[in-house]
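*Asks:* What follows is a structure written as structure tokens; I'll ask about it next.
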Amino acid sequence: MSNSMTLPPPSPTSLCWRASVEMMRLFLVFTCLCLGLVAAADWNIVSQKRRHGLAKSGLKTYCESWRINVELNNIRGFELVPQECVDHVTRYMTSSQYEADSQRAVEEVRLYLSSCCALKGDGKDAWIFDVDDTLLSTIPYYKKHGFGGQKLNASLLEAWMKESKAPALEHSLGLFHEIKDKGVKIFLISSRSETLRSSTVDNLIDVGYHGWSNLVLRGLEDQLQKVQQYKSDARKRLVDEGYRIWGIMGDQWSSVEGLPSVERTFKLPNSIYYIS
Ligand SMILES: *[C@@H]1O[C@H](CO)[C@@H](O)[C@H](O)[C@H]1NC(C)=O
């Protein structure tokens with residue numbers, strides 16, 4: 042009994058065999074590792090789908106997490122919506138969910154304004170809005186131009202803006218007037234070019250916006266710097282003029298980042314483009 046528990050000393054042949062088993066195992070581990078790296082390198086949801094028969098809901102989950110991470114500013118500076126997510130983004134940006142999300146943001150502004158601020162009524166209380174996809178919608182343009190899945194053609198977009206046909210975002214329009222009626226001065230700081238001033242003013246007035254205090258657009262010298270810096274500089278000028286900026290509502294992180302910071306910022310959803 043005790044004899045059978047004791048292993049005999051390894052013979053030279055069995056040592057050799059064990060060594061080759063060991064070699065084989067190393068080889069397998071190495072091969073798997075390489076395959077894994079290759080798979081990781083060209084990983085995308087489409088090939089993933091092909092390999093593992095990922096269900097449609099998997100693509101939806103992937104694209105929704107891409108979208109939410111854009112909103113969270115974890116994914117930055119993307120130039121194009123990933124091709125496999127263009128349909129998802131199109132659906133979202135034209136959905137009642139997008140409207141509900143925007144409406145909710147506007148309601149949060151209302152809630153904030155109902156108790157936030159000791160408004161002095163001295164003409165120095167101020168609020169900042171973006172223009173595109175905050176007050177006006179560019180969705181009709183992107184509907185015809187690939188919904189963020191095609192490289193931006195700036196001259197085509199500007200030609201569209203020159204037509205002054207952008208519709209108002211309804212919830213923003215209501216909020217705009219409520220803020221103005223509180224005696225708060227409204228400043229519009231947009232990344233649109235100065236050359237679009239008259240078309241932008243016409244467009245805003247046509248769809249119901251009026252009574253803002255200033256519309257800040259990008260002149261030639263501003264085009265040389267990043268939008269985020271240009272918008273910070275515009276805020277700095279307001280603060281230097283003695284304005285108390287109670288909040289900003291915009292659809293881009295570049296509208297709210299940088300100094301001077303303000304009391305509160307409110308981000309509207311935009312999964313189509315990212316302006317740095
Ligand atoms: C933009 O679109 C116009 C008209 O289709 C075209 O002529 C021009 O080459 C495009 N520009 C770029 C940068 O793609």
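Taking our numbering, the leading residue of the sequence shown gets 42, the next gets one more, and so forth. Don't be surprised by glycine CBs; every beta carbon is placed ideally from N, CA and C.
1. Flag residue 121 as yes when its Cβ comes closer than 8 Å to any non-hydrogen atom of ligand 1, and as no otherwise.
2. Give me the pocket residues for ligand 1, defined as CB within less than 6 Å of any heavy atom, sorted by chain position.
3. Check residue 257 in the structure and name its three-state DSSP category.
4. Is it buried or exposed, residue 157, if we count other Cβ atoms within 10 angstroms and call 16 or more buried?
5. If you reduce the DSSP assignment to three classes, tell me which class residue 276 lands in.
6. By alpha-carbon positions, which one of 164, 282 and 155 ends up nearest to residue 224?
7. Pull up the distance between the alpha-carbon of residue 151 and that of residue 216, whole angstroms please.
8. Tell me whether residue 286 is buried or exposed, calling it buried when 16 or more other Cβ atoms sit within 10 Å of its Cβ.
9. With C-beta atoms as the reference, is residue 227 less than 9 Å away from residue 187?
10. With a threshold of 16 other CB atoms inside 10 Å of the CB of residue 210, please say whether the residue is buried or exposed.
11. Just mark residue 207 as buried or exposed, buried being the case when its beta carbon has 16 or more other beta carbons within 10 Å.
12. What are the start and end residues of each continuous alpha helix (DSSP H) run of 4 or more residues lying completely inside the segment 93 to 163, in chain order?
13. Out of curiosity, what's the CA-to-CA distance linking residue 329 and residue 98?
14. Would you say residue 284 and residue 176 are within 9 Å of each other, going by their C-beta atoms?
15. When the Cα atoms are used, what is the spatial distance from residue 78 to residue 100?
16. Using DSSP with H/G/I as helix, E/B as strand and the rest coil, what is residue 184?
17. Count the other CB atoms, across all protein chains shown, that sit within 10 Å of the CB of residue 322; report buried if there are 16 or more and exposed otherwise.
18. Cβ of residue 279 within 9 Å of Cβ of residue 172?
19. Do residue 271 and residue 118 have their C-beta atoms within less than 9 Å of each other?
20. Hey, could you find the ends of the alpha helix (DSSP H) residue 166 is sitting in?
21. State the beta-bridge partners of residue 308 as determined by DSSP.
*Replies:* Reading it off the structure:
1. no
2. Those residues are 194, 196 and 197, given in chain order.
3. strand
4. exposed
5. helix
6. 164
7. 8 Å
8. buried
9. no
10. buried
11. buried
12. 97 to 112, 127 to 134 and 137 to 154
13. In the structure as shown, the chain starts at 42 and stops at 317, and residue 329 therefore has no counterpart that could be examined.
14. No, the Cβ-Cβ distance between residue 284 and residue 176 is not below 9 Å.
15. Bear in mind that the predicted position of residue 78 carries a pLDDT of just 45, short of 50, making it unreliable; the figure below should be weighed with that in mind. Computed Cα separation, rounded: 22 Å.
16. Looking at residue 184 - three-state DSSP - the assignment turns out to be helix.
17. Coverage of the chain is limited to positions 42 through 317, which leaves residue 322 absent and any answer about it impossible.
18. no
19. no
20. Premise fails: residue 166 lies in the beta strand (DSSP E), 166 to 170, not in any alpha helix (DSSP H).
21. 291
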